[in-house]
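*Asks:*
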């Protein structure tokens, strides 16, 4: 019943994903959500985020940020990162996932999406045919509409972890 919302992979943090291994597997583009995936909600890029994007470029990845936030928020974050970005993305709509791949010159077979929300980030990536990785949110303080979605996400993640044999 919940399988269609299950992520392809689940990691504790974006910063522990084995990107070198993914590159060896043939992936060439990485699409990221920003808030609570790379940094706390509303925060500028920090050292870890800057180091991650430097590392990705060194490996050979193209990257793109995709956010439901307005341009000002995404632009401020991207000042330190200097990658492609799409704002006001209307996730889980597939339109801007496809646009991100077009910008990077990749396709569904060699693109990965990383985000922290099942019903926007992961659901949109799945509907777009992109391999996806769900990460734990960085910070528990969130807007009320996200808090409400997190309750539903817990139910889906319970069944996901049970099916995959995860232990916390």
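In the working numbering, the protein residues as written are 49 to 216.
A virtual CB, placed ideally from N, CA and C, is assigned to each residue, including glycine.
So does the region 161-168 actually touch the region 80-96, counting three or more Cβ pairs closer than 8 Å?
*Replies:* Contact holds: three or more Cβ-Cβ distances are below 8 Å.
*Asks:* Can you name the residues that DSSP bridges to residue 161?
*Replies:* Walking along the chain shown from the start, residue 161 turns up at place 113. Bridge partners of residue 161: 79 and 180.
*Asks:* If you draw a straight line from the alpha carbon of residue 63 to that of residue 97, how long is it in whole angstroms?
*Replies:* Counting from 1 along the chain shown, the entry for residue 63 is found at position 15. Counting from 1 along the chain shown, the entry for residue 97 is found at position 49. So the alpha carbons of these two residues sit roughly 8 Å apart.
*Asks:* What is the residue span of the alpha helix (DSSP H) that residue 69 lies within?
*Replies:* Start at 1 with the first residue of the chain shown, and residue 69 comes out as number 21. Its alpha helix (DSSP H) spans residues 67-72.
*Asks:* What residues in its chain sit with their C-beta under 8 Å from that of residue 147, if we drop five residues either side in the sequence?
*Replies:* One-based indexing of the chain shown puts residue 147 at position 99. Once the five neighbours on either side are set aside, the close Cβ partners of residue 147 are 134.
*Asks:* Could you pull the start and end residues of the alpha helix (DSSP H) that residue 126 belongs to?
*Replies:* Numbered from its first residue, the chain shown carries residue 126 at position 78. Per DSSP, residue 126 belongs to the alpha helix (DSSP H) from 119-129.
*Asks:* Beta-carbon separation of residue 131 and residue 112 under 8 Å?
*Replies:* As a working note, residue 131 is residue 83 in the chain shown. As a working note, residue 112 is residue 64 in the chain shown. Their beta carbons are under 8 Å apart, which means residue 131 touches residue 112 by this criterion.
*Asks:* Under the DSSP definition of a beta bridge, which residues are partnered with residue 112?
*Replies:* Here residue 112 refers to the residue found at position 64 when the chain shown is read from its first residue. BP columns for residue 112 point to 79 and 132.
*Asks:* Since residue 67 and residue 125 should fall inside the 8 Å C-beta cutoff, what is the C-beta to C-beta distance between them, to a whole number of angstroms?
*Replies:* Taking the chain shown and counting its residues from 1, the one referred to as residue 67 is at position 19. Taking the chain shown and counting its residues from 1, the one referred to as residue 125 is at position 77. About 19 Å; that fails the 8 Å criterion.
*Asks:* Between 181, 173 and 141, which has its C-alpha nearest residue 65's C-alpha?
*Replies:* Position 17 of the chain shown holds residue 65. Of the candidates 181, 173 and 141, the one whose C-alpha sits nearest the C-alpha of residue 65 is 181.
*Asks:* DSSP state of residue 94, grouped into three classes?
*Replies:* The residue given as residue 94 occupies position 46 in the chain shown. It is coil, neither helix nor strand.
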